[in-house]
Amino acid sequence: MDADPATRTAPGDNTTSGPVAVTRRMPVVERLTASGAVLAALSATLSIGNALSMPRLRRPGAVETSERVVVCVPARDEETTLPLLIGDLRAQTYPGELRVVVLDDESRDGTLDAAHRAAGEDSRIVVESNTLPPPPGWTGKAAACRRLADLAFAGGPPADVIAFVDADVRLSPDAITATVAELRRRDAALVRPWPEQYADSIAERLLQPLLSFSWMSTTVVAAANRSLRQSLAVACGQFLMFDAAAYRRIGGHEPVASSVTEDLAIARVLRRHGERTVLVSGAGFVGCRMYRNWTDLRMGYTRWLWSAFGGCAGSSAVFTLAAVTYLLPAVVAVLGSGRVRRVGTLGYLAGVIARLGSAISETAPFETAGGNDGAAERTTIDSMVRHVASAGVHPLATVVCAGLVVDSHIRRARNTLSWKDRPLQRSTSTTPSRRVQKRKRRTPMSILDGAV
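If you count the sequence shown from 1, you need to add 121 to reach my numbering.
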């Protein structure tokens with residue numbers, strides 16, 4: 122009797138088709154889905170564990186200190202956001218000496234005038250203007266920070282603590298006091314309060330949570346804070362507070378002059394010199410809305426994502442793993458059947474839980490969010506509802522992020538990367554900071570906010 126046409130093959134044809142092929146392919150899908158579900162469960166475990174154990178800024182009690190703090194604010198085209206930050210800085214309750222240095226970095230709008238109006242007659246605030254482009258080999262942000270540090274250390278009693286705060290950051294009245302207290306309590310050279318990331322548009326809610334998710338789901342924060350390993354450093358350049366002596370010992374921003382992720386790079390430089398760096402949650406004290414629309418978000422991410430995973434090969438490997446972990450289970454949960462569909466559903470839910478865990482690190486505890494009144498409770502509940510909604514489309518966020526990484530590599534290859542109309546040219550020479558960058562080991566955690 123002839124073989125079933127569905128399974129019959131021509132002489133010499135080793136290609137298998139029909140039901141036999143299906144039965145051979147399905148175990149592969151099942152195994153990949155199961156592996157993805159296991160990896161998603163591991164990331165959820167890490168994320169929830171970090172959410173429960175991650176150190177946070179604390180409300181300071183009665184504090185007496187003689188430490189001098191200088192806050193440096195680089196600002197380029199921040200006419201609308203900078204006055205709000207200056208208002209926050211003027212309202213700080215820090216009991217010691219507090220100075221603020223604002224640098225208008227070649228802005229094309231009314232940033233400088235807005236800064237002067239917001240500072241008013243407050244003698245603690247100095248507003249300076251820079252009209253020159255960054256020196257060769259320097260990014261705009263690093264060059265502005267170096268100039269601010271020079272101004273901060275010039276004349277007068279030396280500062281004990283120096284902080285760098287982005288112009289689009291918002292601070293609670295006790296944010297500086299709480300961060301200085303954490304810096305000294307941890308005996309650290311650098312404290313990095315991770316800000317609560319405000320997101321209003323659909324694109325922001327889809328992608329911004331990936332910043333904290335990238336390290337919350339891949340490392341143990343408590344262990345990373347105790348370690349001096351450079352690969353375990355986490356940073357967010359929106360708010361960095363240094364012990365001034367340690368900052369000067371490493372040469373300030375000089376070693377990271379050409380880095381597009383200068384915040385992460387400077388944390389690694391400190392660790393290489395044996396200095397301790399600590400990550401804490403700043404939710405309830407520090408907040409920031411980085412981007413206002415898809416265009417700005419795309420430009421902001423593509424300018425640095427090419428550097429996140431050590432090149433094209435690293436990016437391919439990371440997103441292949443991410444696809445197996447967070448995308449495949451979701452697809453199988455929708456299109457599969459039977460046992461494999463159940464496994465895919467569990468994997469998808471684990472990915473959602475992992476993202477929710479990272480969101481907790483960016484959500485102020487109820488008592489920190491504003492007290493025990495109904496408004497604070499509604500704010501906290503509304504925030505968690507938004508986090509749940511964005512976590513549900515985490516597989517889509519993974520796809521969009523992968524697209525941004527590809528876009529970033531293409532733009533870099535074409536030498537068309539820019540930020541705020543400043544080109545980010547590929548360096549043809551090897552500076553000391555770039556040699557350091559070549560030596561350091563990349564991890565998936567490197568997707569951090571060097572974005573800032």
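All residues carry an ideal CB built from backbone N, CA and C; glycine is no exception.
Cβ pair residue i, residue j closer than 9 Å
i, j, result
"methionine 420", "tryptophan 315", "no"
"methionine 362", "valine 312", "yes"
"alanine 273", "valine 377", "no"
"alanine 158", "serine 338", "no"
"alanine 320", "serine 511", "yes"
"glutamine 351", "arginine 393", "yes"
"alanine 404", "arginine 177", "yes"
"tyrosine 215", "aspartate 295", "yes"
"leucine 349", "arginine 307", "no"
"alanine 161", "tyrosine 447", "yes"
"leucine 233", "serine 250", "yes"
Cβ separation of residue i and residue j, assumed to be a contact under 8 Å, to the nearest whole Å
i, j, result
"methionine 418", "glutamate 325", "Reading off the sequence, residue 418 comes out as leucine, not methionine. Indeed, because the Cβ distance is near 7 Å, the residues count as touching under 8 Å."
"alanine 309", "glycine 373", "That belief does not hold up - the Cβ atoms of alanine 309 and glycine 373 are roughly 17 Å apart, past 8 Å."
"histidine 530", "arginine 476", "Not really, about 25 Å apart at Cβ, beyond 8 Å."
"phenylalanine 406", "alanine 471", "The Cβ separation is near 31 Å, so there is no contact."
"leucine 327", "leucine 545", "Not confirmed; about 25 Å, so no contact."
"valine 473", "glycine 435", "About 26 Å separates the two Cβ atoms, so there is no contact after all."
"asparagine 346", "leucine 400", "6 Å"
Secondary structure of residue i, DSSP reduced to three states
i, result
"alanine 356", "coil"
"glycine 513", "helix"
"phenylalanine 285", "strand"
"leucine 448", "helix"
"arginine 424", "coil"
"threonine 398", "strand"
"leucine 253", "coil"
"tryptophan 540", "strand"
"arginine 220", "strand"
"isoleucine 481", "helix"
"valine 184", "coil"
"aspartate 225", "strand"
"alanine 142", "For alanine 142, the predicted structure reports a pLDDT of 48, less than 50, and the residue's modelled location is therefore unreliable. The matter cannot be settled from this model."
"methionine 411", "coil"
Residues near residue i in its chain [Cβ-Cβ closer than 6 Å; skip 5 each side]
i, result
"valine 248", "Val223, Ala236, His237, Ala240"
"arginine 543", "Gly261"
"serine 174", "Ala343"
"serine 293", "Phe406"
Candidates the options: closest to residue i by CA position
i, options, result
"alanine 451", "Trp415, His508, Ile283, Val520", "Val520"
"leucine 167", "Thr201, Ala443, Pro254, Trp336", "Trp336"
"glutamate 218", "Ile283, Glu375, Thr484, Ser436", "Ile283"
"proline 278", "Val190, Ser333, Pro254", "Val190"
"glycine 231", "Ala212, Val381, Ala196, Arg152", "Ala196"
"alanine 265", "Val149, Asp528, Gly358", "Gly358"
"glycine 524", "Leu203, Val286, Thr441, Ala345", "Thr441"
"serine 322", "Asp234, Thr416, Leu233, Asp243", "Thr416"
"tyrosine 412", "Tyr447, Leu160, Thr202, Gly276", "Thr202"
"serine 479", "Ala275, Ala534, Ser402", "Ser402"
"proline 148", "Gly459, Ala438, Glu383", "Gly459"
"glutamate 151", "Met505, Val527, Val445, Val506", "Val445"
"isoleucine 246", "Leu304, Glu483, Val192", "Val192"
Cβ neighbours of residue i in the same chain (closer than 8 Å, five flanking residues each side left out)
i, result
"threonine 154", "Leu449, Pro450, Val453, Gly457, Val461, Val464, Gly465, Gly468"
"leucine 253", "Glu227"
7 Å Cβ shell around residue i - same chain, five flanking residues per side excluded
i, result
"leucine 205", "Arg291"
"glycine 208", "Ala239"
"valine 381", "Thr260, Arg424, Trp425, Ser428, Leu545, Gly571"
"valine 184", "Pro216, Thr298, Ala302"
Within-9 Å CB hit, residue i to chain B
i, result
"isoleucine 169", "This model lacks chain B altogether; it includes just one protein chain."
Residue i: CB within 8 Å of a non-hydrogen atom of the ligand GDP
i, result
"alanine 158", "Because no ligand of any kind appears in the structure shown, any question about the ligand GDP cannot be addressed here."
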